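What follows is a single structure, written as structure tokens, with notes after it.
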Amino acid sequence: MAKKSFDLNIEKILENWEVRHGIREVIANALDEQILTGTAPVVIEKRDGSWIIRDEGRGIRYTHLTQNENQEKLDSPLVIGRFGIGLKDALATFERHGVKAQIKSKFGTISTHKSAKHGFGDILTLHAIIEDPLDPTFVGTEFQLEGVEDKEMEAAKALFLKFSDEELLATTRFGQIISRKSGPGAIYINGVKVAEEANFLFSYNITQLSAAIKKAINRERSHVGRTAYSDSVKKILLASTNGDVARTLAEDISRFQLGEMHDELAWIDVQEHAVRILNAQEKVVMVTAYEAMRFPDLIDQARQSGNTILTIPENLRAKIADSVDIEGNRMVDITQFTETYN
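For the sequence shown, this note's numbering gives the first residue as 1178, with consecutive numbering after it.
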């Protein structure tokens, strides 16, 4: 195959993208290919001063560079990559930041350079250079990135749940609840971080994409607003029956008097769901701050009986009155405890 060159036709350069954002696109597509083909884990390593990102999938073809969005990926609920608009954005970002990129597969070797746009000799645009494969038996796709600082690679990996050290707490059909160890809570969509929430109690990985989320996942994969994913986060919480999650939520409810509840607890149905789980799994008595002051002897007796006292807002108290938990047991508020105690 003779050397080919064609204009990538990138209409708008994402000026605010750093190298890490270009790397994110490469990693996302490698992980997507691994998922779609069921092949070996993606390898990310440093070799002879260059960073290597490799999957063992079907191998990139230069025709992928002519696509805006990949229908196979749009049809899959498990992936997020948008090969090749994301790839073209990545290549443009690398070129702008002085990173030399080479892509290798059994179908050919791809690199980039700037040259005159056809018919407009005074305008330079980014072109892809397609050459014969270095190894016709090569398995998968390998990106070699020369000139990437280690901190940029680490920052790119930090955008993926897969490479985080956060603990998975619960999985539901809508997504996952993840521990928040330090820093702001993260919102992931199929494992790729799209937003941060400073006052969320947990991080979340949304795996069932609503129409609002699909619309909000913009080309830049950033600045996805809370209105797009709040319903999904709520669905994840309401679908979870994990005791540890419920206990953490319930403990956070008790901080409402201090004005320190996390934002998820602004949803009364999430509050209610959490205490219904806790009531089924632990010995608790739910009281309002007023009841705690009015009936101190009862509160002491409840504690002596091995119950945990959970202080809840008045509106939640009204919601759970004379109701049952997730296993059909009566919710134990101060009234129910008094009846049992007497």
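C-beta atoms are modelled at their ideal positions from N, C-alpha and C, and glycine is treated no differently. Model, not experiment: these values are computed from the prediction.
Secondary-structure assignment with DSSP links lysine 1328 through no beta bridge to anything.
When only Cα atoms are considered, leucine 1386 and valine 1401 end up about 13 Å apart. Secondary structure at aspartate 1408: helix, using DSSP grouped into helix, strand and coil. Distances from the alpha-carbon of lysine 1412 to those of His1450, Arg1224, Lys1358 put His1450 closest. In chain order, Gln1279, Ile1306 place their CB closer than 6 Å to the CB of serine 1288, counting only its own chain and leaving out the 5 sequence neighbours on each side. Taken through DSSP and simplified to helix, strand or coil, glycine 1420 comes out as helix.
If you look at phenylalanine 1514, you'll find it in the alpha helix (DSSP H) that goes 1511-1518.
Out of Thr1318, Ala1269, Val1452, the CA that lies nearest to the CA of lysine 1283 is found in Thr1318.
Assignment of beta-bridge partners to aspartate 1184 by DSSP yields His1304.
A distance of 8 Å or more separates the beta carbons of isoleucine 1430 and asparagine 1492. Listed as beta-bridge partners of asparagine 1382 by DSSP are Gln1353, Tyr1365. Around the Cβ of tyrosine 1239, a 10 Å sphere holds 16 or more other Cβ atoms; the residue is buried. Taking 3 residues as the minimum length, the beta strand (DSSP E) runs contained wholly in the segment 1204-1241 are 1220-1224, 1227-1232, in order along the chain. Secondary structure note for methionine 1470: its alpha helix (DSSP H) is the uninterrupted segment 1466-1471. With respect to isoleucine 1511, valine 1461 sits apart: the two C-beta atoms are not nearer than 8 Å.
Between the alpha carbons of phenylalanine 1337 and glycine 1368 lies a gap of roughly 6 Å. Taking a 10 Å sphere around the C-beta of lysine 1281, we find 16 or more other C-beta atoms and assign the residue as buried. By the Cβ test, the segment 1339-1354 is in contact with the segment 1369-1384, since at least three Cβ pairs between them sit closer than 8 Å. The C-beta distance from aspartate 1440 to glutamate 1516 rounds to 36 Å, too long to fall under 8 Å, and the pair is not in contact. Histidine 1290 is classed as exposed because its beta carbon has fewer than 16 other beta carbons within 10 Å across all chains shown.
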